[in-house]
């Protein structure tokens, strides 16, 4: 198998250590300019790490001849599959201390090959880490510990085709390894779209979205990939199963919902029938600014509890608004967007703006209902959104500790939760670094009964101690979330990094049931050991 | 414990053998008039059965003194808990052959009492059948077989309070044994409503809805109770657990989704935080008639694939329309309803009517957007809807075989599925009875990717053979569903009657996981044995 570092469907090289395309990384001068904005960071950027400098040992296992063409022991490929793309991963690569590098990377092309690889791994005590786009920010795709003889990274990205389209039922059978752009490209000629656009869209796969219950495009109603699943095909060490294609079913607990969010611990999702959308014909968007963040929260709650169902309803606190260029005067900004394939949406936008103004918001609908967002703040925010992970890595090269975390809680807890997180995470960062951290917050998804706040923390680190500093900050954040009964994650999944919070959050009878399911489907415990479960 | 036959929250007696309130049953003359419409039925109705005529033996077990006040061995109470309310149950009662009568009925008042009863039952090999309103139509609340020493019906209806309301997050903590009217009555003073109105609304409980993933009021989008669950409290033989109140979470597979649809086999749901609605202020409804049923299907699909989100979107075939009084000329009728607490809905109704007319429908919006449905066909249908189960029992007393079944499938399968079911169920009924059956169909819930057809069958039986005749007809129906990969149930659950179809539909890896979960949570297999699983 060739060791390819280019992103499937493109000719561009993927960075082995950092976010996204290697050619999109900020250069040294840009890194330095960013670092200058964060007091206490390094004078010059850490060098871009090279695989040649890592100690990548020989593979401890060799698969039989029948599987040999599916695997590679190429150091570059193995290094690129050693970790996800959290700050924790990036800084470990920059400091030359990556996680355990897998012995082999496999790229199966169909279910049978996946099953054969699982059989072989089970027989030889090889841990299998299912790997989609590798964009995990929670330690979801790395091996920790030493309970297994060897580690295989199971890269699904060669299984990336749309196999069948049913226009009547507006759905498609899609292989799990399709990255976002490749998936949408195959749907476009049919006038259809999945419309799942996480920040990682270019570098994450359908299977990864499903296994982690990814949050997507829609800020309200169908906020996550879960609701768009019609049927799943899952290969487990105990056998392969496919749920029936159904618009809905009341026959027992949902089989699909057991595998959604299972993070590769129960089986490998290889295909899914997904519910699609027609491409939107009508769009309207606007931004609203608020002097008082708490009044802005009330406005968002009123909109979330209406049935206006905006596609975009993201509230940026003053820091987020400033960093993304959406405002420069200390205002909070609410970015509202509506879209529909069927009906005009300007009426819904106008109604949402009325609600926002009733809570002290300042903003007007654009004069006409247009195809493209008319509002400069909206455009600024969207562009910054896709650029953010690259900038995070640039700041990491300047020795900064910079990362995000997110949660969800019911509305009555939201104001105190956000205030507490700011205070306690700020205190933890100050204690760990001696520097004042920048902490910003936005609401990414909202519900009638609550919201999903998303936090960004940036502070100068201490050279070499960045991982420990981040772990201290994260522990303070997780503790604040737990005390407010706020989820350890809304859409970043659990992986290994969120295990302490997840273990406290999960009801004990469900933990018993999940462990029992794991024992039944993966009796040798080879699948993604350490994620979700011990 | 007093043996009470009145429905909690009312002073009206519940029928032990038939649907609903005893005083709402059609009298002998009404039964005879209905029977006259179905060729081959009896000349006079079967007598109303009496508990005194049943052989209700002594209880084989006696609980310890500490639990004695929670249980009764009263024959009337035990007979009323022997079965659900399927046609199969009603005719068995009418023929003096009810299912196994439980030894005891328990009415716990809190979680601790539920846990104590489970502990005692586990130690003594007593099967426990969780019982809400007892409206199961799939054999969900009866004991079959003889693997257990004795049988306890665990009636939750004494746990029927709304315990807490959170207005900011528009949600409430509700005990699982609350029947629909009692639940809504406690929410009304707060201007809130769950708006879950299944046909069984008056005679089913929140816990029953959750354990069976009940279909509710909304014909589109949030069609079932599942989406309104914020948190569940479940008492299992292996311990009690409560999921966190969250608007959404991506932390592992959803704990709640494992218990939703588990039909009392994994644990007893005792409380739930539920997402509520404001009471609607704007409503609009209309009916549309179609000469061609298949074109009506196209119209409904177009509406389901728009984002208009009608609350009601029920398509009646000519037989359904005739029986409910919605049309008399052989037309199919689409009943459309919109509602909102936030915004006027006449625009959405008008847009839906445009789509219907584009597919050959004939219908107009009422002149004004009013608070109450303006359309006579809508009113006729709603009133017939609540009366239907009573009429079914009246026909059963005339020796008719009359029952409903429902399913869900993706759109591309719907037309052939409905045609096949009509043909094959008609043939099976003719073969079993020598009579031509009346078979009607409606769509109760619709989705962008499919629909839920609901069938009613009525045919004269052969005295004494009604159960076997129905089982033959049901087997033909289930076989047709299976061949079209249509769910064995959309919202009636699995119970015991749907086990053959469910076992074929359930993916094998999920079956393994579910059995493992059962073994972990209910190691002595006392909970609702035979439902969902062996």
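Chains as they are written, first to last, in this note's numbering: chain A, 27 to 560; chain B, 27 to 560.
C-beta: ideal position from N, C-alpha, C; glycine also.
Please compile the residues from chain B whose C-beta is within a distance smaller than 9 angstroms of the C-beta of residue 332 (chain A).
-> Position 306 of the first chain, counting from 1, holds the residue named residue 332 (chain A). Neighbours of residue 332 (chain A) on chain B, chain order: 366, 367, 368 and 369.
Note the first and the last residue of the continuous beta strand (DSSP E) segment covering residue 156 (chain A).
-> Reading the first chain from its first residue, position 130 is the one you call residue 156 (chain A). That run of the beta strand (DSSP E) goes 152 to 157.
Reducing DSSP to helix, strand and coil, say where residue 196 (chain B) ends up.
-> Residue numbering aside, residue 196 (chain B) sits at position 170 when the second chain is read from its first letter. Reduced to three states, the DSSP call for residue 196 (chain B) is coil.
Residue-chain proximity (residue 437 (chain B), chain A), Cβ-Cβ < 8 angstroms = By one-based count along the second chain, residue 437 (chain B) stands at place 411. The beta-carbon of residue 437 (chain B) is placed less than 8 angstroms from the nearest beta-carbon of chain A.
What residues of chain B sit near residue 471 (chain A), judged by a beta carbon separation below 8 angstroms?
-> Here residue 471 (chain A) corresponds to residue number 445 of the first chain, with the count starting at 1. Near residue 471 (chain A) (Cβ distances below 8 angstroms), the residues of chain B are 274.
Is the shortest distance between the beta-carbon of residue 546 (chain A) and the beta-carbons of chain B less than 8 angstroms?
-> Here residue 546 (chain A) refers to the residue found at position 520 when the first chain is read from its first residue. Yes, residue 546 (chain A) lies at the interface with chain B (some Cβ there is under 8 angstroms from its Cβ).
Let me know the beta strand (DSSP E) ranges lying completely inside the region 89 to 163 of chain A, each 3 residues or longer, listed in chain order.
-> With a minimum length of 3 residues, the continuous beta strand (DSSP E) runs that stay inside the region 89 to 163 of chain A are 130 to 132 and 152 to 157.
Closer than 8 angstroms to chain B by CB, residue 397 (chain A) = The residue labelled residue 397 (chain A) in the question sits at position 371 within the first chain. Note that residue 397 (chain A) scores a pLDDT of 43, beneath 50, so its modelled location is shaky; the value from the coordinates is reported in the next line. So no, residue 397 (chain A) is outside the interface.
Scan the region 250 to 329 of chain A and note each continuous alpha helix (DSSP H) run of 4 residues or more that stays entirely inside, going in chain order.
-> Runs found: 281 to 285.
Neighbour-count burial assignment, residue 211 (chain B), 16 or more Cβ in a 10 Å radius | Sequence index remark: in the second chain, residue 211 (chain B) carries index 185 (1-based). Looking at its Cβ environment, which holds fewer than 16 other Cβ atoms inside 10 Å, residue 211 (chain B) is exposed.
Are the beta-carbon atoms belonging to residue 437 (chain A) and residue 382 (chain A) less than 8 angstroms from one another?
-> Residue 437 (chain A) sits at position 411 when you count from the first residue of the first chain. Residue 382 (chain A) sits at position 356 when you count from the first residue of the first chain. Inclusion of residue 437 (chain A) and residue 382 (chain A) in the CB contact set at 8 angstroms is not warranted, their separation being larger than that value.
Own chain residues within Cβ distance below 6 angstroms of residue 125 (chain B), not counting five before or after | Along the second chain, read from residue 1 onward, the residue named residue 125 (chain B) stands at position 99. Excluding sequence neighbours, residue 125 (chain B) sits near 108, 109 and 168.
State yes or no: is the beta carbon of residue 538 (chain B) nearer than 8 angstroms to at least one beta carbon in chain A?
-> Within the second chain, the letter at position 512 stands for residue 538 (chain B). Interface criterion met: the Cβ of residue 538 (chain B) is under 8 angstroms from a Cβ in chain A.
Under 8 angstroms between C-beta atoms, does residue 297 (chain B) make it to chain A?
-> Here residue 297 (chain B) refers to the residue found at position 271 when the second chain is read from its first residue. Closer than 8 angstroms: no.
With a threshold of 16 other CB atoms inside 10 Å of the CB of residue 95 (chain A), please say whether the residue is buried or exposed.
-> The residue labelled residue 95 (chain A) in the question sits at position 69 within the first chain. Taking all protein chains in view, the Cβ of residue 95 (chain A) is surrounded by fewer than 16 other Cβ atoms within 10 Å, so the residue is classified as exposed.
Beta-carbon contacts of residue 33 (chain B) that lie in its chain and below 6 angstroms, excluding the five residues immediately before and after | Taking the second chain and counting its residues from 1, one reaches residue 33 (chain B) at position 7. Take residue 33 (chain B), set aside five residues on each side of it, and the residues of its chain with a beta-carbon closer than 6 angstroms to its own are 40, in chain order.
Taking the alpha-carbon positions, what's the residue 114 (chain B) to residue 194 (chain B) distance?
-> In the second chain, counting from the first residue as 1, residue 114 (chain B) sits at position 88. In the second chain, counting from the first residue as 1, residue 194 (chain B) sits at position 168. Cα to Cα, residue 114 (chain B) sits roughly 45 angstroms from residue 194 (chain B).
Exposed or buried, what is residue 555 (chain A) when buried is set at 16 or more other beta-carbons lying within 10 Å of its beta-carbon?
-> One-based indexing of the first chain puts residue 555 (chain A) at position 529. Burial check for residue 555 (chain A): the Cβ neighbour count within 10 Å reaches 16 or more, so the residue is buried.
Could you give the distance in angstroms between the alpha-carbon of residue 489 (chain A) and the alpha-carbon of residue 418 (chain A)?
-> What you label residue 489 (chain A) is simply residue 463 of the first chain in a count that begins at 1. What you label residue 418 (chain A) is simply residue 392 of the first chain in a count that begins at 1. Cα to Cα, residue 489 (chain A) sits roughly 17 angstroms from residue 418 (chain A).
Neighbourhood of residue 423 (chain B) by C-beta, 6 angstroms cutoff - its chain only, sequence neighbours within 5 removed = Sequence index remark: in the second chain, residue 423 (chain B) carries index 397 (1-based). Only residues of its own chain outside the window of five on either side were considered, and among them 57, 71 and 72 have a CB closer than 6 angstroms to the CB of residue 423 (chain B), listed in chain order.
Run the CB neighbour count on residue 443 (chain B), radius 10 Å, all protein chains shown included, and call it buried at 16 or more, exposed below.
-> Sequence index remark: in the second chain, residue 443 (chain B) carries index 417 (1-based). Residue 443 (chain B) is buried by the Cβ-count criterion.
Between the region 129 to 142 of chain B and chain A, which residues of the former have a C-beta closer than 8 angstroms to a C-beta of the latter?
-> Residues: none.
Buried versus exposed call for residue 501 (chain A) [16 or more other C-beta atoms within 10 Å across all chains shown] | In the first chain, residue 501 (chain A) corresponds to position 475, counting from 1. Answer is exposed; the Cβ neighbour count stays below 16.
Every unbroken beta strand (DSSP E) inside the region 390 to 476 of chain B [3 residues or more] = DSSP runs (the beta strand (DSSP E)) wholly in the region 390 to 476 of chain B: 426 to 432 and 464 to 473.
Do the region 239 to 254 of chain A and the region 325 to 340 of chain A make contact, defined as three or more Cβ pairs closer than 8 angstroms?
-> Judged by Cβ distances under 8 angstroms, the region 239 to 254 of chain A makes contact with the region 325 to 340 of chain A, as three or more pairs qualify.
At what residues does the beta strand (DSSP E) containing residue 179 (chain B) begin and finish?
-> Translated into positions along the second chain, residue 179 (chain B) becomes position 153. Where residue 179 (chain B) is concerned, the enclosing beta strand (DSSP E) stretches over 176 to 181.
Three-state secondary structure (DSSP) at residue 541 (chain A)?
-> Residue mapping note: residue 541 (chain A) aligns to position 515 of the first chain, counting from 1. Collapsing the DSSP output to three states places residue 541 (chain A) in a helix.
Terminal residues of the alpha helix (DSSP H) in which residue 349 (chain A) lies | As a first step, residue 349 (chain A) must be located in the first chain, where it is residue number 323. For residue 349 (chain A), the uninterrupted alpha helix (DSSP H) segment begins and ends at 344 to 349.
Given 8 angstroms as the limit, is there contact between the region 139 to 153 of chain A and the region 169 to 182 of chain A, that is, 3 or more CB pairs closer than that?
-> Three or more beta-carbon pairs drawn from the region 139 to 153 of chain A and the region 169 to 182 of chain A are found closer than 8 angstroms, and the two stretches are therefore classed as touching.
Under three-state DSSP, which class holds residue 365 (chain B)?
-> For this step, residue 365 (chain B) is matched to residue 339 along the second chain. Three-state DSSP puts residue 365 (chain B) in a strand.
For residue 472 (chain A), which of A:165, A:337, A:230 and A:258 has the nearest alpha-carbon?
-> Counting from one through the first chain, the residue named residue 472 (chain A) turns up at place 446. Among A:165, A:337, A:230 and A:258, the Cα nearest to that of residue 472 (chain A) is on A:337.
Residue 528 (chain B) lies in the alpha helix (DSSP H); which residues open and close that run?
-> Within the second chain, the letter at position 502 stands for residue 528 (chain B). Where residue 528 (chain B) is concerned, the enclosing alpha helix (DSSP H) stretches over 525 to 531.
Enclosing alpha helix (DSSP H) for residue 212 (chain B) [first to last residue] = Taking the first residue of the second chain as 1, we reach residue 212 (chain B) at position 186. Note, residue 212 (chain B): alpha helix (DSSP H), 206 to 213.
Does the region 194 to 209 of chain B come close enough to the region 295 to 305 of chain B to have 3 or more Cβ pairs within less than 8 angstroms?
-> Enough Cβ pairs lie closer than 8 angstroms, so yes.
Any idea if residue 128 (chain B) is buried or exposed, counting beta-carbon neighbours within 10 angstroms, 16 or more meaning buried?
-> Translated into the one-based positions of the second chain, residue 128 (chain B) becomes position 102. It counts as buried.
Alpha-carbon spacing of residue 105 (chain B) relative to residue 52 (chain B), whole angstroms | Taking the second chain and counting its residues from 1, one reaches residue 105 (chain B) at position 79. Taking the second chain and counting its residues from 1, one reaches residue 52 (chain B) at position 26. Each residue's alpha carbon lies about 21 angstroms from the other.
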